[in-house]
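In what follows, a single structure is set out as structure tokens and then discussed.
Numbering (the numbering used here), first residue to last: 8 to 248.
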């Protein structure tokens, strides 16, 4: 549960990270905007530099626990602009990656919800990749009470199936008193589209095993990688990774 006190949020996140590590988790994922309330009016107030207070806390937690830590996201301030930024730390506490959200979330459903990240935040200008085969997609996300029941699980299962990878999502717990009410239900989905683990709306830790043999079996049983039509289409990046 995210409160209005940043230090309290950081302490709670650290406690949960350590609890997950004690259960032998090797990769731990925090939710989107875990250190502050999620809302356009809060981003300027809670934004900080990287490196800064939150990055230091996450680095120390990753090093102490010897884990890979996907630090959800935080409001970042840089050069007079605000970003929704995710940091990833290695088992030695080093910052492996800093990714600024490229596609900002804007929604306007009459009578239900209007929320425009772009009113306050700036989009990132680069993507973040590692030169390695992909086995797990991780999404810290704060879907709401409109998009959550409609799209949350559906999108995860779809991405898992069409990419033949594991998908893990981390959502803030639901707080009915918040100005932006998160859907919750952090989830892990298999490459076959099965939901392996799913939280309720409350604050909790979700555990799941990433079975590499199962992933290999799925890719052999439905060999999508051999069916690409390079004579008809290609996916290219405009910007170098």
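Quick reminder that beta carbons are idealized off the backbone N, C-alpha and C, glycines included.
- prompt: Helix, strand or coil for residue 141 per DSSP?
  reply: Locating residue 141 in the chain shown gives position 134, counting from the first residue. Coil, per DSSP.
query: Are the region 192-201 and the region 43-57 in contact at 8 Å, needing three or more beta carbon pairs?
result: no
message: With DSSP as the reference, identify every bridge partner of residue 81, one or two as the case may be.
response: Position 74 of the chain shown, counted from the first residue, corresponds to residue 81. DSSP lists 92 as partners of residue 81.
Residue burial classification, residue 244 (beta-carbon count within 10 angstroms, cutoff 16): The sequence position of residue 244 within the chain shown is 237, counting from 1. Per the 10 Å Cβ criterion, exposed.
message: Which of the three DSSP states is assigned to residue 42 in this structure?
response: By 1-based counting over the chain shown, the position of residue 42 is 35. Residue state, collapsed to three classes: coil.
- prompt: When DSSP labels each residue in this structure, what does residue 147 get in the three-state scheme?
  reply: On the chain shown, residue 147 is found 140 positions in, with the first residue counted as 1. Reduced to three states, the DSSP call for residue 147 is strand.
- request: Hey, could you find the ends of the alpha helix (DSSP H) residue 172 is sitting in?
  value: In the chain shown, residue 172 corresponds to position 165, counting from 1. First-last for residue 172: undefined, no H or E at that position.
task: Report the rounded CA-to-CA distance for residue 133 versus residue 36, giving the unit in angstroms.
output: For this step, residue 133 is matched to residue 126 along the chain shown. For this step, residue 36 is matched to residue 29 along the chain shown. Cα to Cα, residue 133 sits roughly 22 Å from residue 36.
message: As a quick exercise: from 29, 114, 20, 149, pick the residue whose alpha carbon is nearest that of residue 182.
response: Taking the first residue of the chain shown as position 1, residue 182 is located at position 175. The candidate whose alpha carbon is nearest that of residue 182 is 149.
task: Would you give the residue range spanned by the alpha helix (DSSP H) that residue 220 belongs to?
output: On the chain shown, residue 220 is found 213 positions in, with the first residue counted as 1. Its alpha helix (DSSP H) spans residues 219-228.
- prompt: In terms of alpha-carbon separation, which member of 95, 170, 100, 162 lies closest to residue 230?
  reply: To locate residue 230, count along the chain shown from 1; it is residue 223. Per the Cα distances, 170.
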